Amino acid sequence: MPMLEVKGLVKRFGGNVAVDHACFTVEEKGVTCLIGPNGSGKTTIFNLLTNMLPADEGSALYRGGELIGKSASAVVKRGVVRTFQDLKLFGEFTVLQNVLIAIRGRYGESVWQGLRYSPGAAGAKADAGQAMEALRVVGLEAQAGQQVRSLPYGEQKLVSLARLYAAKADLLLLDEPASGMDREGYRLLDGVIARLLDMGKTILLVEHNMEFVQAVARKVVFLHRGQVLAQGTMEEIRSDKQLTEIYFGY
0 MPMLEVKGLV KRFGGNVAVD HACFTVEEKG VTCLIGPNGS GKTTIFNLLT NMLPADEGSA
60 LYRGGELIGK SASAVVKRGV VRTFQDLKLF GEFTVLQNVL IAIRGRYGES VWQGLRYSPG
120 AAGAKADAGQ AMEALRVVGL EAQAGQQVRS LPYGEQKLVS LARLYAAKAD LLLLDEPASG
180 MDREGYRLLD GVIARLLDMG KTILLVEHNM EFVQAVARKV VFLHRGQVLA QGTMEEIRSD
240 KQLTEIYFGY
């Protein structure tokens with residue numbers, strides 16, 4: 000049984016159908032990638048799965064339980080978390096504080112409660128230890144005390160991944176994690192994803208960098224105008240002339 004099964008998912012914005020009866024599955028402990036031209040519905044699907052937007056139709060079963068119609072906090076508690084293209088980090092706070100927000104969020108506290116979290120409070124030492132563990136996973140332990148705004152963009156992206164790890168979720172939705180990175184950034188990100196998989200995590204990502212997709216994705220889901228046109232390996236997608244014409248223009 001797949002970890003996630005999306006069936007007939009629909010989202011309309013007025014007369015525009017952004018997601019058109021999309022159906023696909025995500026297998027456990029691997030990387031599945033959503034690809035397709037801009038405007039094909041990839042990030043909208045993330046928004047529907049995490050209840051940032053309400054779906055008009057369809058279902059998304061996570062380990063047999065429905066995600067659609069649940070609150071965003073309920074989705075997180077079930078074990079599904081995501082990153083955003085704009086990262087949504089708190090630049091004036093330290094790397095460690097940004098990760099602590101995710102840990103306190105597991106207990107139902109607000110972002111501002113997490114930011115005001117006192118080192119002297121009960122459980123502070125344990126939470127700080129969990130946050131440092133998350134930073135070790137992404138290779139940022141040495142930067143724990145730095146302001147996030149002082150980090151290079153690629154390292155800021157790794158902070159967002161550390162927050163996902165700290166949230167103790169099993170399904171991680173990554174929205175364009177490789178965008179804006181150079182080859183060294185790809186190498187670091189590839190290593191982090193490998194460590195997350197070794198720890199039993201499952202990853203669903205949206206990505207435009209086909210070199211990166213080729214390196215990390217076990218399965219690719221091709222979207223166009225909100226519809227799933229194909230599912231398979233990157234080699235299978237590239238060998239389909241219709242799909243390459245839609246996406247690559249040749």
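If you count the sequence shown from 1, position 226 lands on 225 in numbering that gives the first Met the number 0, and the numbers rise without skipping.
All C-beta atoms, glycine included, are put in the ideal place defined by N, C-alpha and C.
This one's a predicted model, so the numbers in the text were calculated from it and none came from an experiment.
Handout entry: Member of Asp169, Leu160, Ala214 whose CA lies at the smallest distance from the CA of Met131
Key = In the sequence shown, counting from the first residue as 1, residue 131 sits at position 132. The residue with the shortest Cα to Cα distance from Met131 is Leu160.
Practice task
Output yes or no for whether 9 Å exceeds the beta carbon distance between Val30 and Ile202.
Solution key: Indexing the sequence shown from 1 puts residue 30 at position 31. Indexing the sequence shown from 1 puts residue 202 at position 203. In this structure, Ile202 lies closer than 9 Å to Val30 by Cβ.
Exercise for the section: Kindly confirm or deny that the segment 204-221 and the segment 170-179 touch, where touching means at least three C-beta pairs closer than 8 Å. Expected result: yes
Exercise for the section: Determine the direct distance from the alpha carbon of Val18 to that of Met51, and round the result to whole angstroms. Expected result: Stepping through the sequence shown from its first residue, residue 51 is reached at position 52. Stepping through the sequence shown from its first residue, residue 18 is reached at position 19. So the two alpha carbons sit approximately 14 Å from each other.
Handout entry: For Ala130, the three-state DSSP class (helix, strand or coil)
Key = Translated into positions along the sequence shown, residue 130 becomes position 131. Ala130: helix per DSSP, three-state reduction.
Exercise for the section: Kindly identify the DSSP beta-bridge partner or partners of Thr82. Expected result: Locating residue 82 in the sequence shown gives position 83, where the first residue counts as 1. DSSP, once it has assigned bridges, lists no residue as partnering Thr82.
Problem - Three-state class that DSSP yields for Asn97 in the structure shown - result: Looking up residue 97 in the sequence shown gives position 98. In this structure, Asn97 counts as helix in the three-state DSSP scheme.
Problem - With 16 other Cβ atoms within 10 Å as the buried cut-off, status of Asp85 - result: As a position in the sequence shown, residue 85 is number 86, starting the count at 1. Under this definition Asp85 is an exposed residue.
Practice task
For Phe23, count neighbouring C-beta atoms within 10 Å of its own C-beta (all shown protein chains included) and say buried if the count is 16 or more, exposed if not.
Solution key: Taking the sequence shown and counting its residues from 1, the one referred to as residue 23 is at position 24. By the 10 Å Cβ count, Phe23 comes out buried.
Exercise for the section: May I ask you to report which of helix, strand or coil DSSP gives Lys218? Expected result: For the purposes of this step, residue 218 is taken as residue 219 along the sequence shown, with counting starting at 1. Lys218: strand per DSSP, three-state reduction.
Practice task
From the DSSP output, read off the bridge partner residues of Ser58.
Solution key: Numbered from its first residue, the sequence shown carries residue 58 at position 59. Looking at the DSSP assignment, Ser58 forms a beta bridge with Lys6.
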